[in-house]
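Asker: Sharing a structure, written as structure tokens. Questions coming.
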Amino acid sequence: MSVTVALNRDHRPRSWKLRLQTRLAICLARILALFKPYVVRRVLVRLSKGAKAADAAEITTARDSVLASSLGLHGLRACLPRSLATALLCRFRGAWPTWCVGVRTAPPFAAHAWVEAGREMIGETGGYDSYSRLFTVPPTTPLPLAESEPATENEPAPDQ
Numbered sequence: 010m011s012v013t014v015a016l017n018r019d020h021r022p023r024s025w026k027l028r029l030q031t032r033l034a035i036c037l038a039r040i041l042a043l044f045k046p047y048v049v050r051r052v053l054v055r056l057s058k059g060a061k062a063a064d065a066a067e068i069t070t071a072r073d074s075v076l077a078s079s080l081g082l083h084g085l086r087a088c089l090p091r092s093l094a095t096a097l098l099c100r101f102r103g104a105w106p107t108w109c110v111g112v113r114t115a116p117p118f119a120a121h122a123w124v125e126a127g128r129e130m131i132g133e134t135g136g137y138d139s140y141s142r143l144f145t146v147p148p149t150t151p152l153p154l155a156e157s158e159p160a161t162e163n164e165p166a167p168d169q
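Okay, here's the thing in structure tokens:
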């Protein structure tokens, strides 16, 4: 089965440093994607230490750079190396997104990996509740919730 996908061509110039970091992140992500999930999680937890929380703009820039550098990461089954490369590229630049692995909540079943800032899935279709998270690797200092977002039972409600 084949799927026809239209790709955007981004003609904005990227610095050689960003291109080199992106290539390195993609190579490391492809290698890391071969390991078992608990090993991937352990490596990412160690890498996330000491990094500030990435905001949506930083993650979008990293994801766009990853997609511009590798045509193969546009595929439907490339979510794991794409999300790993995006997270690694953010880490090279001193930040860390929330890296997530989960499953679709509505049929048909599908596993997926993505990055998010706060509660916003970056570059993905569907909303925050479209997927059930199996595990996440959050930044050590998470972004504060926007005032419009309710606190869950794990997060205390803001004092007013």
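Here this note's numbering is used: the first residue of the sequence shown is 10, the next is one more, and so on. Ideal Cβ placement from N, Cα and C applies to all residues, glycine included. Predicted model only: the values in this text are computed from it and were never measured.
#1: Measuring alpha carbon to alpha carbon, tell me which residue in Arg55, Leu80, Arg102, Thr149 is nearest threonine 70.
#2: Let's see if you can read the secondary structure: which residues bound the beta strand (DSSP E) around leucine 143?
#3: Does leucine 29 pass the burial test, meaning 16 or more other C-beta atoms within 10 Å, or should it be called exposed?
#4: Just tell me which of Glu133, Tyr140, Ile68, Asp64 has its CA closest to the CA of leucine 97.
#5: For alanine 94, which residues of its own chain have a beta-carbon under 6 Å away from its beta-carbon, when the five flanking residues on both sides are left out?
#6: For threonine 149, count the other beta carbons within 10 Å of its own beta carbon; 16 or more makes it buried, fewer makes it exposed. Which is it?
Answerer: Taking the coordinates as given:
#1: Arg102
#2: 140 to 146
#3: exposed
#4: Ile68
#5: Ala34, Ile35, Ala38, Val75
#6: exposed
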